[in-house]
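Chemist:
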Amino acid sequence: MMSSFPEVAPLDSLACWRSFAQAAQNTPVNPQRLCVLKAGGLLVDTSAQRASPELAQATEALLQARQFETWREHLLTGQVVNLTENRAAWHSALRVPAPSQQVAGERERMLDFVRLADAERKWRNVVHIGIGGSDWGVRLCIAAFGYAGTWRNVRFVSNIDGHAIEGGLAGLDPHETLVVVSSKSFTTSETMQNAHRALEWLKGAGIQNPYNHVVAITANAQAAREWGALPSQTFLFWEWVGGRFSIWSSVALTTALAVGIDTLAGMQAGAHAMDQHFATAPVAENAPVQLAVSGVVNRSVLGYGSLNIAPYDFRLGYLVPYLQQLEMESLGKSVDLNGNAVNVPTGPAVWGMPGTDAQHTFFQWLHQGSDGAPVDFIVCQEANHGWREAHHTHLLANCLAQRQAMLTGKSYEQALQECRAEGHAEEHAQWLAKHRMHTGGRSSNLIVLPRLSPYTLGALLALYEHKVFTQAVIWGINPFDQWGVEYGKVLAKGITQELKGQAPLNGGHDASTRYWVEVFRG
Ligand code: F6P
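First residue of the sequence shown: 16, per my numbering; consecutive thereafter.
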């Protein structure tokens, strides 16, 4: 293994792992337990997770065996933690109050661009082209803070599907439109194809120098320059910022154009507060660590295959895909740092939808389905609108009620009483009660933001980043690469050439792929 870290022992060979697993199995969720952690301005209620002195002791031993403190220090001080790509993952350096000259200088250039555009009331339309980490964070922030509308009309184009760019540009006046091309690598095929199409659209409108209408955001200055982007409108970030962590970088330019430059400073401050909490809070009070530990219990000991994210906030809809990328691209690994198969299940599938819509979509499955899934409920104590009684109280009540139903359940006896009280004949009541009972004991977290602000959203995103990192340390995997996605990209490139007739049919295809390549290339 390339680093100063010792070998990563297979988890089930560790006595502390076996104690951890046993303690978790022996500890049911206790509805009378109350545990609310304070972290970076958020309240993280982990009451509905398994906890016991034995589990806490085994957790400490497990973290020690995995050299958690050393890994955390390496993460937060910019040392190489992405071993397969020999890189740091130093997104935390983008949110310290006094960043390096390199970071501060690039940020100022980017903010100056936004300030000037605002002062001149320029760029009525912004088309943000990017995918994955170059897209989700920006969508999330703009939906969160621009939900009531913004004076700039912002469109997002990520998909290679031509309907996406067609719809993204439709009806806009090119003369009033800024195209933001956001790509760390500046080679992602979806983004480059869409950027090319947007450029053609600008040219087609007779705009003399279409690049004046283009901003490039990238870690690959050379590729952006070769593509034609103006250096004065190219804003950089660096290899040590992973794509799924890049909302803290120049990638946030579109956010600033849409919802104001102060948003970025607020998010950075909140994330930094969470970084400090993660760096210093003892394990038992450390919210990211505690979320990580219960996540490992749920996934690797109890076998839950997924984690449901339930933001009880209409503005946080994009939190779901944002966290899907963060969690699943980071933890969708089954080989440890030594190159051996991890012998316990790792990262869960992440899915969800804002409540209360989710209640009317899939919550039945969470309440009474045969598999179930742990749920992260996320809610703001205060709304930003003025209808507390008529709306927000109902939202809060729904959030608490769903969580309680999953935790405490409803016994057969309770259900039977209910059925009898409704006047059903005894035999019918006994039959009906079996359908109405809930087993309960389903674990969840409740994350409470005082209200949604740049600060609290920043803290929330950093909370999940550090949770994911801690889980990777426990599982002994690299959360910062994504070789599976890279392999798919390479295959897609080859098949594209075959479909265009620029390459012969690849003899290595499976039978079905070969069949469809032949059909599609006509
Ligand atoms: O989905 C794979 C991925 O490499 C992500 O990690 C990244 O956020 C996305 O593609 C986009 O990459 P880029 O910013 O280089 O265009």
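A virtual CB, placed ideally from N, CA and C, is assigned to each residue, including glycine.
Is residue 146 near ligand 1 - that is, is its Cβ less than 7 Å away from at least one heavy atom of it?
Modeler: Here the question's residue 146 lines up with position 131 in the sequence shown. Flag set: Cβ of residue 146 near ligand 1.
Chemist: Can you tell me which residues form a DSSP beta bridge with residue 250?
Modeler: Numbered from its first residue, the sequence shown carries residue 250 at position 235. According to DSSP, residue 250 bridges with 232.
Chemist: CB-CB under 7 Å to residue 380, same chain, minus the five flanking residues each way: which ones, in chain order?
Modeler: The residue given as residue 380 occupies position 365 in the sequence shown. Excluding sequence neighbours, residue 380 sits near nothing in its chain.
Chemist: What is the rounded straight-line gap between the Cα of residue 313 and the Cα of residue 465?
Modeler: Within the sequence shown, residue 313 is the residue found at index 298, counting from 1. Within the sequence shown, residue 465 is the residue found at index 450, counting from 1. Their Cα atoms are separated by approximately 28 Å.
Chemist: I'd like to check one pair, residue 270 with residue 249: are the Cβ atoms closer than 8 Å?
Modeler: Working through the sequence shown from its first residue, we reach residue 249 at position 234. Working through the sequence shown from its first residue, we reach residue 270 at position 255. Going by C-beta atoms, residue 249 is not nearer than 8 Å to residue 270.
Chemist: Using DSSP's beta-bridge definition, name the partner residues of residue 367.
Modeler: Working through the sequence shown from its first residue, we reach residue 367 at position 352. Answer by DSSP bridge pairing, in chain order: 324.
Chemist: Tell me, to the nearest whole angstrom, how far the beta carbon of residue 390 is from that of residue 463; I am working on the premise that it is less than 8 Å.
Modeler: By 1-based counting over the sequence shown, the position of residue 390 is 375. By 1-based counting over the sequence shown, the position of residue 463 is 448. With 8 Å as the limit, residue 390 and residue 463 do not qualify as a contact, their Cβ atoms being about 15 Å apart.
Chemist: Tell me whether residue 51 is buried or exposed, calling it buried when 16 or more other Cβ atoms sit within 10 Å of its Cβ.
Modeler: Your numbering for residue 51 matches position 36 in the sequence shown. With fewer than 16 Cβ atoms within 10 Å of its Cβ, residue 51 is classed as exposed.
Chemist: I'd like the ranges of any beta strand (DSSP E) spanning at least 3 consecutive residues and lying wholly in the segment 169-231.
Modeler: Runs found: 192-197.
Chemist: Which whole-angstrom value is the C-beta distance of residue 326 and residue 369, which I expect to be below 8 Å?
Modeler: Counting from one through the sequence shown, the residue named residue 326 turns up at place 311. Counting from one through the sequence shown, the residue named residue 369 turns up at place 354. At roughly 5 Å, the Cβ-Cβ gap stays under 8 Å, so residue 326 and residue 369 are in contact.
Chemist: How close, in whole Å, do the beta carbons of residue 382 and residue 54 come, if the pair is a contact with beta carbons under 8 Å?
Modeler: Taking the sequence shown and counting its residues from 1, one reaches residue 382 at position 367. Taking the sequence shown and counting its residues from 1, one reaches residue 54 at position 39. 29 Å between Cβ atoms; not a contact.
Chemist: Nearest to residue 361 by CA position, among 346, 400 and 116, is which residue?
Modeler: Counted from its first residue, the sequence shown places residue 361 at position 346. The option with the nearest alpha carbon to residue 361 is 346.
Chemist: Just verifying my parser: in three-state terms, what is the DSSP assignment at residue 329?
Modeler: Here residue 329 is taken as the residue at index 314 of the sequence shown, counted from 1. Looking at residue 329 - three-state DSSP - the assignment turns out to be helix.
Chemist: Out of curiosity, what's the CA-to-CA distance linking residue 161 and residue 173?
Modeler: To locate residue 161, count along the sequence shown from 1; it is residue 146. To locate residue 173, count along the sequence shown from 1; it is residue 158. Cα-Cα distance, rounded: 20 Å.
Chemist: Counting C-beta neighbours from all protein chains within 10 Å, is the total for residue 499 16 or more, i.e. buried, or is it exposed?
Modeler: Locating residue 499 in the sequence shown gives position 484, counting from the first residue. So residue 499 ends up on the exposed side.
Chemist: Under the criterion of a Cβ to heavy atom distance below 7 Å, does residue 92 qualify as lining ligand 1?
Modeler: Walking along the sequence shown from the start, residue 92 turns up at place 77. It does not: the Cβ of residue 92 is nowhere closer than 7 Å to a heavy atom of ligand 1.
Chemist: Where do the ends of the beta strand (DSSP E) carrying residue 57 lie?
Modeler: Here residue 57 refers to the residue found at position 42 of the sequence shown. 57-60 is the span of the beta strand (DSSP E), which, as asked, contains residue 57.
Chemist: Can you determine whether any heavy atom of ligand 1 sits closer than 7 Å to the C-beta of residue 203, and answer yes or no?
Modeler: For the purposes of this step, residue 203 is taken as the residue at position 188 of the sequence shown. True, at least one ligand heavy atom lies under 7 Å from that Cβ.
Chemist: DSSP on residue 54, reduced to helix/strand/coil?
Modeler: Start at 1 with the first residue of the sequence shown, and residue 54 comes out as number 39. The answer is strand: DSSP assigns residue 54 an E or B state.
Chemist: Inspect the beta-carbon positions of residue 324 and residue 152 and report whether they are closer than 8 Å.
Modeler: Start at 1 with the first residue of the sequence shown, and residue 324 comes out as number 309. Start at 1 with the first residue of the sequence shown, and residue 152 comes out as number 137. Contact: no.
Chemist: Alpha carbons only, please: which of 331, 398 and 343 is nearest the one belonging to residue 373?
Modeler: In the sequence shown, residue 373 corresponds to position 358, counting from 1. The candidate whose alpha carbon is nearest that of residue 373 is 331.
Chemist: Tell me residue 141's beta-bridge partners as DSSP assigns them.
Modeler: If you number the sequence shown from 1, residue 141 lands on position 126. Answer is 169 and 193.
Chemist: With DSSP as the reference, label residue 260 as helix, strand or coil.
Modeler: Taking the sequence shown and counting its residues from 1, the one referred to as residue 260 is at position 245. Helix at residue 260.
Chemist: Would you list the residues sitting across from residue 464 in a DSSP beta bridge?
Modeler: Here residue 464 corresponds to residue number 449 of the sequence shown, with the count starting at 1. In DSSP, residue 464 forms a bridge with 395.
Chemist: Among all the DSSP beta bridges, which residues are the ones paired with residue 356?
Modeler: In the sequence shown, the residue the question calls residue 356 occupies position 341. Answer is 350, bridged to residue 356.
Chemist: Rounded to whole angstroms, what's the CA-CA distance from residue 359 to residue 238? Just pull it up for me.
Modeler: Along the sequence shown, read from residue 1 onward, the residue named residue 359 stands at position 344. Along the sequence shown, read from residue 1 onward, the residue named residue 238 stands at position 223. Approximately 41 Å, taken between the alpha carbons.
Chemist: Just verifying my parser: in three-state terms, what is the DSSP assignment at residue 407?
Modeler: Counted from its first residue, the sequence shown places residue 407 at position 392. It is helical.
Chemist: Take the Cβ of residue 490 as the centre, count every other Cβ of all protein chains shown within 10 Å, and call the residue buried at 16 or more, exposed below.
Modeler: Looking up residue 490 in the sequence shown gives position 475. Buried, by the Cβ-count rule.
Chemist: Quick one: using the 10 Å Cβ neighbour count with 16 as the cut-off for buried, is residue 387 buried or exposed?
Modeler: Position 372 of the sequence shown, counted from the start, is the residue given in the question as residue 387. Residue 387 should be labelled buried.
Chemist: With DSSP collapsed to three states, give me the class of residue 95.
Modeler: By one-based count along the sequence shown, residue 95 stands at place 80. The answer is strand: DSSP assigns residue 95 an E or B state.
Chemist: Apart from the five residues just before and just after residue 319, which ones in its own chain have a Cβ nearer than 8 Å to its Cβ?
Modeler: Residue numbering aside, residue 319 sits at position 304 when the sequence shown is read from its first letter. Cβ within range, chain order: 313, 363, 386, 387, 388 and 389.
Chemist: What do you get for residue 92, buried or exposed, if any count of 16 or more other CB atoms within 10 angstroms of its CB means buried?
Modeler: Numbered from its first residue, the sequence shown carries residue 92 at position 77. That one is exposed.
Chemist: Would you say residue 342 touches ligand 1, meaning its beta carbon is less than 7 Å from a heavy atom?
Modeler: Counting from 1 along the sequence shown, the entry for residue 342 is found at position 327. For ligand 1, not one heavy atom lies less than 7 Å from the Cβ of residue 342.
Chemist: With DSSP run on the structure shown, which of helix, strand or coil describes residue 425?
Modeler: Here residue 425 is taken as the residue at index 410 of the sequence shown, counted from 1. Residue 425: strand per DSSP, three-state reduction.
Chemist: Would you check if the segment 125-144 and the segment 178-194 touch, i.e. whether three or more CB-CB distances between them fall below 8 Å?
Modeler: The answer is yes - the segment 125-144 touches the segment 178-194, with three or more Cβ pairs under 8 Å.
Chemist: At the level of alpha carbons, what is the spacing between residue 184 and residue 125?
Modeler: On the sequence shown, residue 184 is found 169 positions in, with the first residue counted as 1. On the sequence shown, residue 125 is found 110 positions in, with the first residue counted as 1. Taking the straight line joining both Cα atoms gives about 24 Å.
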